[in-house]
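Listed in order, the protein sequences are those of chains A and B.
So the mapping is simple: this note's numbering equals the position in the first sequence, first residue as 1, plus 35.
So the mapping is simple: this note's numbering equals the position in the second sequence, first residue as 1, plus 47.
For glycine and all other residues, C-beta sits at the position ideal for the given N, C-alpha and C.
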Amino acid sequence: MISAYILISMQPGKTDKAIKEMRQISNVAKISIIAGEYDIVVRAQVKNLEELLDVTDRIQMIDGVNKTTTQIIEKEISLQ
Amino acid sequence: MIIRKKYLFYILAVTSSFIAATVTALDSYVGAQSPFINDPWAFAFCLLFVGVIITILITLILSVPVHGKSIGSKILDPSFKKIRFVHKTELKNHFVSGVMNAVNTVGYCAIVSQVQDPSVILSFSQIVILYLLLMESITEKDVPTLIEVQSSVIVTFGAILASISLTGEFQFIPILLVFIVVNPTWAVFSIYQRKLKLMKIRNRPNDSINIRFWNVIFTFLFTAIILFVKDVFTSSNHLLSGFTTSVQPYYFLILAATMGTTFFAYVLYIRALGLGKASVNNAIRASTIIFAVPFSLLLLKLGYITEFSTDPVMLLIKVIGMILIILGIISFALTLIKAYIFIAIKPGYSSRETMKKLWDIRGVTHVSVTAGKYDFIVKVSTRTLMKGYERIIRKLDEIDAIKKYHWESVLKDWEKI
């Protein structure tokens, strides 16, 4: 299983609609609206890189998405 | 389905409290039966003996697959596949949880057997929330903030006021039992149940159904051992009397109803423990006292209980207690701040060592080493921004390897369940 964070910059005023569409994507495990350099962080969980490409493609097709930066997780420690 | 994690946590904890209130009402009815009222030790054995049988049955039913997924996974916990043996990595945690739950049960019986109306004494068991705060500050990486301490104190005193009865009397030994047996064992039990829920078994998140199933088995074993020793040393007959009562069809059925309902309350409680701290969970669980009111009125109407104070002063105290519980829970819910920190490190520093240093910072809940623009994505949670600065940012500044970092506060989040 591959996990990745996709950091997204949005056009102003299109975040809510974009979130609704992102919630429909099957390999999306988590979505956070954030305040800072980016507007949205999506955590994707996929079986292989091909599936990750599908997720990033679908996100980039959403109206209002300006730019995405994908960070593939190599190692992780978590409380939960 | 992707929903807001915070909602899921509160839905699970509140639903568990609601079911627990049903259990309290059922327990009042079952405990008032003549064989049980005279021998609370035998009552504890009966509950656990029938509890083991009914828990095995429910877990087997929940293991039945329907369209490729088990019933338990569809309706209770998505992490559940089927009934399974204890994994060796979780054995120690099950052992501790079982011993604590058994000692807690025995402590409860000792109180009930010494006082006529235990409600005045048992209301002090709500102070367990404060024990949990103290224990979490030692065992978890999360020292409680002033807001957490304030909210916990509000809920604790609210719960004491809402559950206290002035018909009982204060006795030193039973109160001492609450403070040195009932509360510590419940606090340790909650912490170990949370540890179990946070474990991964064969690369899957541990499920609350198997955790509850094995806890009932271990608790039964240890309680039976304690009662056996008590029977031998005091020449009493609790084990045999409990066994003979529980196999009578009528008593078996009512005990099965109460333990079957308890199973669902605990499964949801354990699931909630996987999402939030044990102290916050127990604070929300104090709402059981509020949910118990309609059940008490129902039992009164049906004639199963005869006493329900209508003294205006007593009612006022209880209403104040309930308001305090609600205020405390809302205060917990609204004061958690989460953030991502995106970190780039300088060349020539080990990622593994930096990861360890990041993980040692209090308030850090996730550390991910990533390939891309940033080298680390860290997730933190704090009750106030000031604490975030003092505990997290100052510590980040002390790590030489860090070239730059961005703090990105989370405004709203959703998670797949």
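- Among the residues of chain B, those whose CB is under 9 Å from the CB of residue 65(A) are 49, 52, 460, 461, 462, 463, following chain order.
- Three or more beta-carbon pairs separated by less than 8 Å link the stretch 84-96 of chain B to the stretch 271-278 of chain B, which places the two stretches in contact.
- Look at residue 70(A): its C-beta is under 8 Å from a C-beta on chain B.
- Counting the other Cβ atoms within 10 Å of the Cβ of residue 51(A) gives fewer than 16, which makes it exposed.
- Under the rule that a run must span 3 or more residues, the beta strand (DSSP E) segments found entirely inside the stretch 363-444 of chain B read 384-392, 411-418, 423-429.
- Note that the C-beta distance between residue 192(B) and residue 434(B) is below 8 Å.
- In the DSSP assignment, residue 80(B) falls outside any beta strand (DSSP E) and carries neither an H nor an E.
- Segment contact: the stretch 101-111 of chain B against the stretch 197-212 of chain B, fewer than three CB-CB distances shorter than 8 Å; contact not assigned.
- Buried is the label assigned to residue 388(B), since at least 16 other Cβ atoms lie within 10 Å of its Cβ.
- Distances from the alpha-carbon of residue 76(A) to those of 36(A), 48(A), 103(A) put 103(A) closest.
- Annotation: residue 319(B) to residue 395(B) spans about 42 Å, alpha carbon to alpha carbon.
- In this structure, residue 126(B) sits near residue 251(B), with a CB-CB distance shorter than 8 Å.
- Taking the C-beta atoms as reference points, residue 90(A) is found nearer than 8 Å to residue 63(A).
- Counting along the chain, residue 56(A) sits inside the alpha helix (DSSP H) bounded by residues 50-57.
- With respect to chain A, the C-beta atom of residue 455(B) has a partner C-beta closer than 8 Å.
- Within the same chain, and ignoring the five residues on either side of residue 302(B) in sequence, the residues whose Cβ sits closer than 7 Å to its Cβ are 77, 93, 94, 97, 293.
- Put simply, the CB of residue 76(A) is near chain B, with a gap under 8 Å to one of its CB atoms.
- Secondary structure in the stretch 208-255 of chain B: the alpha helix (DSSP H) runs of 4 residues or longer, each lying completely within the stretch, are 219-224, 230-245 in chain order.
- Looking at the DSSP output, residue 40(A) sits in a beta bridge with 78(A), 106(A).
- In this structure residue 175(B) is not in contact with residue 371(B), their Cβ atoms being roughly 16 Å apart against a cut-off of 8 Å.
- If the five residues before and after residue 39(A) are omitted, its C-beta is found closer than 7 Å to the C-beta atoms of 79, 87, 105, 106, 107, 108, all from its own chain and listed in chain order.
- In the DSSP assignment, residue 70(A) is bridged to 456(B).
- Using a Cβ distance threshold of 8 Å, residue 325(B) and residue 446(B) do not count as a contacting pair.
- Around the beta carbon of residue 221(B), 16 or more other beta carbons lie within 10 angstroms, which makes this residue buried.
- Nearest to residue 159(B) by C-alpha distance, out of 365(B), 336(B), 204(B), 225(B), is 225(B).
- The straight-line gap separating the alpha-carbon atoms of residue 438(B) and residue 407(B) is approximately 11 Å.
- In the structure shown, residue 149(B) adopts helical secondary structure according to DSSP, grouped into three states.
- By DSSP's assignment, residue 111(A) forms a beta bridge with 415(B).
- For the pair residue 412(B) and residue 393(B), the CB atoms are not nearer than the 8 Å cut-off.
- Under the three-pair Cβ rule at 8 Å, the stretch 54-61 of chain B does not count as touching the stretch 59-73 of chain A.
- Apart from sequence neighbours up to five positions away, the residues of its chain that approach residue 204(B) with a beta-carbon distance below 7 Å are 371, ordered along the chain.
- DSSP, read as helix, strand or coil, puts residue 63(B) in helix.
- Listed along the chain, the chain A residues whose CB falls inside 7 Å of the CB of residue 421(B) are 106.
- Contact annotation: in the stretch 88-113 of chain A, residues whose CB is within less than 8 Å of a CB in chain B are 104, 105, 106, 107, 108, 109, 110, 111, 112, 113.
- Remark: C-beta atoms of residue 285(B) and residue 268(B) do not approach each other more closely than 8 Å.
- For the options 138(B), 272(B), 71(B), the alpha carbon positioned closest to that of residue 153(B) is the one of 272(B).
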